[in-house]
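Quick note on numbering that gives the first Met the number 0: the sequence shown kicks off at 0 and runs consecutively.
Report on one structure; see the data block that follows.
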Amino acid sequence: MGQYDAVIIGGGLTGLTASIYLARAGLSVMILEKTNQLGGRALTIKKSGASLNLGVHALYRDGAGEAILRELGVELKGAYPPASAGAMWNNRIYPLPSKPLELITSRLFSFSEKIELARLMLKLSKIDSKQIGQISLKEWAEQEIRYPMLRHVVYSVSRANSFVPHPELHLAGSAVRQLQQTFGGKAFYIDGGWGTLVDDLRERAIRAGVAIIRQKKVVEVEHDGTVRRIRCTDGDTIETPHVVITAGPKEAYDLIKNASSTSMAKWKVAAKPIRAACLDLVLHRLPDRGSNFVAGFWLDQPIFYNSPSTVAKLSDDGSIVIHLIKHLGMNESHPEADLLQLEKAMDLVQPGWRKEEMSRQFLPNLAVAHDFNTVDKSGVYNGPAIPEIHGLYVAGDWTGRGELLADASFASAKRAAQAIIADNRSRGGELLVGEGKVI
0 MGQYDAVIIG GGLTGLTASI YLARAGLSVM ILEKTNQLGG RALTIKKSGA SLNLGVHALY
60 RDGAGEAILR ELGVELKGAY PPASAGAMWN NRIYPLPSKP LELITSRLFS FSEKIELARL
120 MLKLSKIDSK QIGQISLKEW AEQEIRYPML RHVVYSVSRA NSFVPHPELH LAGSAVRQLQ
180 QTFGGKAFYI DGGWGTLVDD LRERAIRAGV AIIRQKKVVE VEHDGTVRRI RCTDGDTIET
240 PHVVITAGPK EAYDLIKNAS STSMAKWKVA AKPIRAACLD LVLHRLPDRG SNFVAGFWLD
300 QPIFYNSPST VAKLSDDGSI VIHLIKHLGM NESHPEADLL QLEKAMDLVQ PGWRKEEMSR
360 QFLPNLAVAH DFNTVDKSGV YNGPAIPEIH GLYVAGDWTG RGELLADASF ASAKRAAQAI
420 IADNRSRGGE LLVGEGKVI
């Protein structure tokens with residue numbers, strides 16, 4: 000299949016982003032995607048005329064992802080949701096206060112809890128998360144928050160914005176940064192779903208000269224300490240000095256010849272993948288007795304409710320998109336029981352919803368992220384280079400530098416591209432990236 004300066008394995012957000020940087024720097028680039036669709040977990044599925052993401056999705060503005068998209072020229076279209084949230088406790092619904100008057104009139108909290116919550120919100124906005132230290136979210140919350148009910152609120156919001164239901168493991172600095180983004184109103188819902196973002200990146204990659212091959216599965220990255228070629232299941236080979244693997248650590252390990260003698264062996268063992276059970280629904284309308292908040296947080300169960308079509312355009316006929324998620328984390332999936340639990344949660348928030356249902360998708364064991372920022376790995380990062388093999392790089396949500404989820408995917412894509420460009424520069428010639436900027 001010829002020779003390329005760089006080959007990227009995987010056509011999700013990470014692979015597309017890295018390819019644009021590399022192609023704009025003058026390299027010949029090929030993306031190999033094993034399925035017939037680009038996007039990975041950022042796929043958007045059309046059902047009954049509505050756009051369904053694979054579970055809950057929000058882009059946090061002012062993060063690494065937005066900065067990179069702006070650098071690539073991608074214009075985001077969508078909206079910020081209003082501060083409209085509910086809290087579920089003991090099978091009852093309470094408004095989750097976001098304004099002083101709502102806090103005063105809240106029946107969820109005692110007077111003392113209201114005072115502490117107001118102080119916590121003020122304090123949270125001023126915390127330098129980088130100075131928190133190597134402690135877990137649970138340790139931080141128990142130091143900073145006196146009342147258990149308020150800790151439940153913090154844990155439930157953290158679950159929703161990170162997909163990590165393990166406060167005893169989640170690194171506090173990373174979790175607090177995400178809480179600051181959430182309470183600061185930085186969550187952003189994309190019109191048309193995340194598939195529109197994938198389409199935009201694909202078009203920019205093609206215009207930059209990237210060759211994209213779908214339904215092309217790689218079986219091995221061949222090397223002798225330096226990357227030589229890629230071999231595919233159909234027998235095709237591609238000569239290249241640089242490879243970026245955007246799959247998870249287990250799949251990346253399996254693609255690398257003699258991986259047991261590389262850092263990938265350690266990274267694969269150390270990874271803590273997190274999963275979720277997701278029920279995505281399309282309704283004709285919200286039931287008359289249904290709640291009208293955008294986000295719903297269960298304080299006593301690992302469940303989150305989201306109604307993004309309240310603010311983002313996800314259908315042409317005004318139908319409603321609802322996402323419910325049960326955060327499994329590292330726990331086992333029990334599809335039948337999990338689906339029943341999510342349907343009961345929907346009964347509480349939107350009684351009568353079954354009569355309005357148009358279509359659904361149930362994802363019982365969705366891989367949300369291949370790793371997360373745990374307290375025992377503070378300051379220890381994976382990739383982008385695999386040091387034992389010159390020219391081989393990894394990128395994706397498990398190779399962040401403290402970023403989470405999509406931010407980690409975007410940021411690691413740029414880091415991998417920078418490393419390849421620097422390697423080419425060392426061989427002679429300065430390469431430009433993006434809008435005339437050398438990196």
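Note that CB positions come from ideal geometry on N, CA and C, so glycine has one too.
| Item | Value |
| --- | --- |
| Alpha carbon of residue 86 to alpha carbon of residue 149, nearest angstrom | 12 angstroms |
| Runs of beta strand (DSSP E) lying entirely within the region 24-91, each at least 3 residues, in chain order | 28-32, 43-46, 49-52 and 84-88 |
| Beta-carbon proximity of residue 390 to residue 240, cut-off 8 angstroms | yes |
| Contact set for residue 273: own chain, Cβ-Cβ below 7 angstroms, skip 5 residues either direction | 162, 163, 328, 329, 367, 368 and 371 |
| Simplified DSSP state of residue 423, which is helix, strand or coil | helix |
| Cβ shell of residue 337 (< 7 angstroms), same chain only, five flanking positions each side left out | 276, 325 and 363 |
| Opposing strand residues paired with residue 389 [DSSP bridges] | 225 |
| The region 75-82 / the region 185-202 touching (three or more Cβ pairs under 8 angstroms) | yes |
| N-terminal and C-terminal residue of the alpha helix (DSSP H) that residue 249 is part of | 248-254 |
| Those residues which DSSP pairs with residue 382 across a bridge | Paired residues: none, contrary to the question. |
| Nearest to residue 279 (by Cα), restricted to the options 319, 298, 331 and 178 | 319 |
| CA nearest to the CA of residue 400, picked from 281, 373 and 348 | 373 |
| Touching by the beta-carbon criterion (3+ pairs, under 8 angstroms), the region 201-214 and the region 25-33 | yes |
| Alpha-carbon spacing of residue 177 relative to residue 52, whole angstroms | 21 angstroms |
| Backbone secondary structure at residue 431 - three-state DSSP | In this predicted model, residue 431 has a pLDDT of only 37, less than 50, meaning its place in the structure is not dependable; the value taken from the coordinates is given anyway. Here residue 431 sits in coil by DSSP. |
| Neighbourhood of residue 365 by C-beta distance below 8 angstroms, restricted to the same chain and skipping five residues each side | 40, 53, 54, 274, 275, 276 and 277 |
| Proximity to residue 67 [Cα-Cα], best of 417, 421, 426 and 425 | 417 |
| Distance between beta carbons of residue 323 and residue 345, contact taken as under 8 angstroms | 6 angstroms |
| Alpha carbon of residue 353 to alpha carbon of residue 384, nearest angstrom | 50 angstroms |
| C-beta contact flag for residue 342 and residue 282 at 8 angstroms | no |
| Rounded separation between residue 334 and residue 230 - CA only | 37 angstroms |
| Strand pairing of residue 236, partner residues [DSSP] | 230 |
| Residues of its chain near residue 210, where Cβ-Cβ distance is below 6 angstroms and the 5 sequence neighbours each way are ignored | 29 |
| Nearest-angstrom Cα separation, counted from residue 62 out to residue 180 | 9 angstroms |
| Pair within 8 angstroms by beta-carbon distance, residue 75 and residue 201 | no |
| DSSP three-state assignment for residue 244, whether helix, strand or coil | strand |
| Alpha-carbon spacing of residue 435 relative to residue 422, whole angstroms | Confidence at residue 435 is low in this model, with a pLDDT of 28, below 50, so its placement is unreliable and the value that follows should be read with caution. Rounded to the nearest angstrom, the two C-alpha atoms are 19 angstroms apart. |
| Local Cβ density within 10 Å of residue 307, reported as buried at 16 or more and exposed below that | buried |
| Environment of residue 102 [buried if 16+ CB atoms lie within 10 Å] | buried |
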